[in-house]
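Below is one structure, written out as structure tokens, with a few remarks after it.
Protein chains: 2
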Amino acid sequence: METQRKTRIQMENEERILDAALEVFSAHGFRGATIDQIADHAGMSKPNLLYYFRRKQDMYEALIARLLDTWLEPLKELDAVGDPLPELQCYIRRKLEMARDFPRESRLFANEILQGAPRIKRLLESELKPLVDEKAEVLAGWMKDGKINTVDPRHLIFSIWSTTQHYADFDVQVQVILGPDLGAEGRFEDAARYLDKLFLDGLKP
Amino acid sequence: METQRKTRIQMENEERILDAALEVFSAHGFRGATIDQIADHAGMSKPNLLYYFRRKQDMYEALIARLLDTWLEPLKELDAVGDPLPELQCYIRRKLEMARDFPRESRLFANEILQGAPRIKRLLESELKPLVDEKAEVLAGWMKDGKINTVDPRHLIFSIWSTTQHYADFDVQVQVILGPDLGAEGRFEDAARYLDKLFLDGLKP
DNA sequence: CGAATTCTTGACTGTTTGATAAAACTCTAA
DNA sequence: TTAGAGTTTTATCAAACAGTCAAGAATTCG
């Protein structure tokens with residue numbers, strides 16, 4: 308069976324479609340998104356879109372597969388041989404940068420998990436779980452060596468994910484509360500400064 | 308115009324419907340939920356359900372209105388005259404308890420905010436914003452008095468919301484990573500212990 | 001009781017939506 | 001240049017969906 312080569316038009320259109328799909332899926336979730344909306348965003352007719360992805364679910368799965376690696380990359384780079392505290396600070400900042408630079412991706416995952424991850428639960432078990440297990444060991448090692456405060460490493464990871472992704476997933480709420488005066492960039496800097504303090508020193512005076 | 312009194316059957320059925328609606332809306336979001344699903348969960352026919360709530364959106368709005376107060380109550384109780392650190396610890400624990408005891412409510416809000424809060428943005432501005440402004444002042448006062456570490460009070464509130472609600476909203480992911488051995492109760496205790504440490508001392512050894 | 005009111009249901013309507021078929025058009029490589 | 005592969009469109013379908021209607025069943029209350 309020969310590997311199918313993709314034409315120029317195929318590559319261009321699949322790209323356009325996946326970008327449009329990300330836009331729509333991340334804003335409305337899988338069931339809330341319609342093929343018509345995605346086709347509109349991609350600037351093509353619905354049957355034409357369905358020529359490239361025969362079913363709605365195919366687009367969704369293609370998106371997820373393409374994004375998961377990017378999404379897990381910062382955690383993968385958490386390095387056992389690095390200096391623990393700076394290493395963690397760097398991880399937190401990178402996650403925060405991703406929330407700023409890829410909010411659609413963040414919301415896509417959030418939507419999926421929120422609704423019970425029916426389409427990617429298996430992927431979480433095969434990709435996410437082992438990675439977290441591995442990095443939890445790294446963190447546990449640092450704790451044993453007295454390099455960082457001793458806490459449950461998995462819950463530590465949860466708190467990094469939740470605090471950073473909050474700025475992408477709950478952006479509307481964040482904007483309502485912080486007001487629009489401060490731009491997105493200003494909000495980002497404030498958040499980075501705050502999280503740095505929180506994770507280093509906590510709230511004790 | 309006389310105030311309409313509600314019959315026994317009306318009260319019972321509206322209750323049943325709103326509970327079913329919470330179940331379905333929180334699992335699928337507004338657009339993903341169907342009236343048929345809600346009617347099934349409530350154990351009644353669709354036309355019967357629509358006799359009580361004429362449109363899908365009416366159920367949703369009734370739910371939101373009913374839940375918002377409950378949801379904001381812990382923050383309302385944050386007391387300026389109390390002892391700062393214990394007061395915050397108490398708030399964190401109460402939010403975590405709500406994530407454990409009312410995960411559907413948490414997911415309902417999460418779904419709504421995630422999708423841009425089209426239906427409750429006004430409510431956030433009129434109810435949530437002033438409350439947060441007020442409590443941010445309280446926190447700022449504590450910081451000025453040197454009772455707690457000086458950080459951005461609004462971002463502090465964000466981090467409490469995100470870390471606690473994470474356990475309700477991303478429950479599937481949490482379960483995949485922590486494994487099912489540990490029950491929900493055990494997970495809760497671990498989370499409470501971790502968050503206590505994080506917010507008090509941070510990660511510095 | 002019995003009549004007024006409230007509640008419930010089956011059948012139905014118009015619309016949206018995911019998906020298909022086939023014809024028409026465009027591109028590419030020999 | 002032209003045959004064939006690849007692409008786009010028009011027309012269409014069946015299922016899912018929000019919401020309606022009128023008639024029948026149950027409940028309430030004088």
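So the protein sequences, as listed, match chains S and H. So our numbering is basically just the index in the first sequence, starting at one, shifted up by 307. So our numbering is basically just the index in the second sequence, starting at one, shifted up by 307. Here a beta-carbon is modelled for each residue, glycine too, at the ideal position from N, C-alpha and C.
State the start and end residues of the unbroken alpha helix (DSSP H) segment that holds residue i.
| i | result |
| --- | --- |
| Ile427/S | That residue, Ile427/S, is in no alpha helix (DSSP H); it is neither H nor E in DSSP. |
| Met366/S | Lys363 to Lys383 |
| Met405/H | Pro391 to Asp408 |
| Pro487/H | Premise fails: Pro487/H is in no alpha helix (DSSP H) and is neither H nor E. |
| Asn355/H | Lys353 to Tyr359 |
| Glu492/S | Ala491 to Asp508 |
| Asp452/S | Careful: Asp452/S lies outside any alpha helix (DSSP H) and carries neither H nor E. |
| Gln472/H | Pro460 to Asp476 |
| Val331/H | Arg315 to Gly339 |
| Gln422/H | It is not in any alpha helix (DSSP H) - Gln422/H carries neither H nor E in the DSSP assignment. |
| Asp386/H | Where Asp386/H is concerned, there is no enclosing alpha helix (DSSP H), given that its DSSP letter is neither H nor E. |
Hey, out of the options, whose CA is closest to residue i's CA?
| i | options | result |
| --- | --- | --- |
| Met318/H | Leu403/H, Tyr398/H, Thr377/H and Phe360/H | Phe360/H |
| Arg461/H | Tyr358/H, Val439/H, Ile455/H and Glu384/H | Val439/H |
| Tyr398/H | Leu379/H, Phe416/H, Glu412/H and Phe409/H | Leu379/H |
| Glu404/H | Leu507/H, Val481/H and Phe495/H | Phe495/H |
| Leu382/H | Leu485/H, Thr457/H, Ala443/H and Lys353/H | Ala443/H |
| Ile467/H | Glu384/S, Arg323/S, Leu502/S and Leu392/S | Leu502/S |
| Leu356/H | Ala475/H, Arg373/H and Leu325/H | Leu325/H |
| Ala406/H | Gly493/H, Ile455/H and Tyr474/H | Tyr474/H |
| Ile427/H | Arg373/H, Arg500/H, Glu322/H and Ala346/H | Arg373/H |
| Glu330/S | Glu384/S, Met366/S, Ser433/S and Leu431/S | Met366/S |
| Glu434/H | Ile371/H, Glu322/H and Ala340/H | Ile371/H |
| Val483/H | Asp459/S, Leu446/S and Lys436/S | Lys436/S |
| Gln480/H | Phe332/S, Asp347/S, Leu385/S and Ile420/S | Ile420/S |
| Leu392/H | Phe477/H, Phe332/H and Val445/H | Val445/H |
| Glu432/H | Ala499/H, Phe506/H, Leu375/H and Lys504/H | Leu375/H |
| Glu441/H | Ala499/H, Ile345/H, Glu384/H and His335/H | Glu384/H |
Given that a residue counts as buried once 16 or more other Cβ atoms are within 10 Å of its Cβ, and exposed if not, what is residue i?
| i | result |
| --- | --- |
| Pro273/H | The question about residue 273/H has no answer, for chain H in this structure spans 308 to 512. |
| Leu510/H | buried |
| Met308/S | With a pLDDT of 32 at Met308/S, under the threshold of 50, the modelled position of that residue is not reliable, and the figure given next carries that caveat. Answer is exposed; the Cβ neighbour count stays below 16. |
| Gln514/H | Absent from the structure is residue 514/H, since the part of chain H shown begins at 308 and ends at 512. |
| Glu412/S | buried |
| Lys402/S | buried |
| Thr471/H | buried |
| Asp390/H | exposed |
| Lys313/H | exposed |
| Val388/S | exposed |
| Thr310/H | Reliability of the predicted coordinates at Thr310/H is poor, the pLDDT of 46 falling under 50, and no value is obtained from them. |
| Arg429/H | exposed |
| Asp408/S | exposed |
| Leu489/S | exposed |
| Arg414/S | buried |
| Gly486/S | exposed |
| Gly423/H | exposed |
| Tyr358/H | exposed |
| Asp476/H | buried |
| Ser352/H | exposed |
| Ala491/H | exposed |
| Ile455/H | buried |
Going by the C-beta, is residue i closer than 7 Å to any heavy atom of the ligand PLP?
| i | result |
| --- | --- |
| Trp468/H | Ligands in the displayed structure: none, and consequently the ligand PLP is not present. |
Positions along the segment 329 to 363 of chain S whose CB lies within less than 8 Å of some CB in chain H: Ala334, His335, Gly336, Phe337, Arg338 and Gly339
Residues of the segment 454 to 471 of chain H whose Cβ lies closer than 9 Å to any Cβ of chain S, in chain order: Lys454, Ile455, Asn456, Thr457, Val458, Asp459, Arg461, His462, Leu463, Ile464, Phe465, Ser466, Trp468, Ser469, Thr470 and Thr471
Cβ-based contacts, 7 Å cut-off: residues of the segment 415 to 426 of chain S near chain H: Ala417, Asn418, Ile420, Leu421, Gln422, Gly423 and Ala424
Contacting positions in the segment 481 to 505 of chain H - beta carbon closer than 8 Å to chain S: Val481, Val483, Ile484, Leu485, Asp497, Ala498, Arg500, Tyr501, Leu502, Lys504 and Leu505
Chain S contacts made by the segment 385 to 413 of chain H, where a contact means CB separation under 9 Å: Pro391, Leu392 and Leu395
Residues within the segment 439 to 455 of chain S neighbouring chain H, beta-carbon criterion of under 7 Å: Val439, Gly453, Lys454 and Ile455
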